[in-house]
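Asks: Numbering-wise (the numbering used here), the sequence shown opens with residue 49 and increments by one.
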Amino acid sequence: MKLAIDAMGGDHAPEQIVLGALDAVSDHEQLHITLIGDETKIKPLVPESTSRIDIIHTDEVITAEDEPVRAVRRKKQASMVLMANEVKEKRADACVSAGNTGALMSAGLFIVGRLPGIARPALSPTLPTADGKGFLFLDVGRMLMPKLNTWYNMPLWGPFTLKMSGASLNLQSGY
Numbered sequence: 049m050k051l052a053i054d055a056m057g058g059d060h061a062p063e064q065i066v067l068g069a070l071d072a073v074s075d076h077e078q079l080h081i082t083l084i085g086d087e088t089k090i091k092p093l094v095p096e097s098t099s100r101i102d103i104i105h106t107d108e109v110i111t112a113e114d115e116p117v118r119a120v121r122r123k124k125q126a127s128m129v130l131m132a133n134e135v136k137e138k139r140a141d142a143c144v145s146a147g148n149t150g151a152l153m154s155a156g157l158f159i160v161g162r163l164p165g166i167a168r169p170a171l172s173p174t175l176p177t178a179d180g181k182g183f184l185f186l187d188v189g190r191m192l193m194p195k196l197n198t199w200y201n202m203p204l205w206g207p208f209t210l211k212m213s214g215a216s217l218n219l220q221s222g223y
């Protein structure tokens, strides 16, 4: 699997993002990661012996203060935008960012696109559990007044997301 990661997104970027990437490639032999961000800050954190982590350099970042849609449209070289382009161009199978949530959703919609039949994407964090397995929490209350077709799509999100992650299906609904 090829994963593109916004190395500049989040409160403790890029240090914590790089540490997570190093742990991930250590734990998963088939994983290849591309870190996108300021190479001068990322490269010193990645041991030279690490062969399954690449870096794409950019100085541009979408911050938490940026207006999401405007930032994605105007900051074409931002780490988050370049990350989404890696998926669009099929150089990565998936992407991850701990940055501006609204901008991440916008990048997903405007750059990567939607699956046929899915009107709106869902926020779907994996929350930790005592047994270490975690659980997928879909939508997280983002839509206060969903339209009928969105209600129809909601049961499709969970099984698809779990299937893509290789997890087993154990679905429960709070609706």
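Where a beta carbon is used, it is the ideal one built from N, C-alpha and C, also for glycine. None of the values given here were measured: they were computed from a predicted structure.
1. Would VAL27 pass as a contact of LYS136 if the rule is Cβ separation under 8 Å?
2. Whole angstroms are fine: how far does the CA of ARG168 sit from the CA of SER154?
3. Please list the terminal residues of the continuous alpha helix (DSSP H) segment that includes VAL66.
4. Secondary structure at ILE103, three-state DSSP: helix, strand or coil?
5. Looking at the secondary structure, which residues open and close the beta strand (DSSP E) in which ILE90 lies?
6. Just to confirm, are LEU83 and ALA55 a CB contact at a threshold of 8 Å?
7. Can you name the start and end residues of the alpha helix (DSSP H) that ALA151 belongs to?
8. Based on Cα-Cα distance, which residue from LYS195, ASP179, LEU175 lies nearest to LEU186?
9. Can you grab the Cα-Cα spacing for the pair VAL160 / GLU63, in whole Å?
10. On the premise that GLY68 lies in contact with GLY147, defined as a C-beta separation below 8 Å, what is that separation, rounded to the nearest angstrom?
11. Going by CA-CA distance only, name the one from GLY150, SER172, ARG139, THR106 that's closest to THR88.
12. Just the C-alpha distance for LYS53 and CYS143, rounded to the nearest angstrom, thanks.
13. Out of ILE110, ILE101, ARG121, HIS60, which has the shortest C-alpha to C-alpha gap to PHE158?
14. Within the continuous beta strand (DSSP E) that includes LEU51, where are the two ends?
15. On the DSSP bridge assignment, give the partners of VAL144 in chain order.
Replies: So, to answer that:
1. Because the chain in this structure spans residues 49 to 223, residue 27 falls outside the shown range and cannot be described.
2. 11 Å
3. 63-75
4. strand
5. Element bounds for ILE90: not the beta strand (DSSP E) but the alpha helix (DSSP H), 87-90.
6. yes
7. 149-155
8. LEU175
9. 27 Å
10. Contact flag wrong, Cβ pair sits at about 14 Å.
11. THR106
12. Lys is not the amino acid found at residue 53; the sequence shown has Ile there. Roughly 6 Å between the two C-alpha positions.
13. ARG121
14. 50-54
15. ILE53
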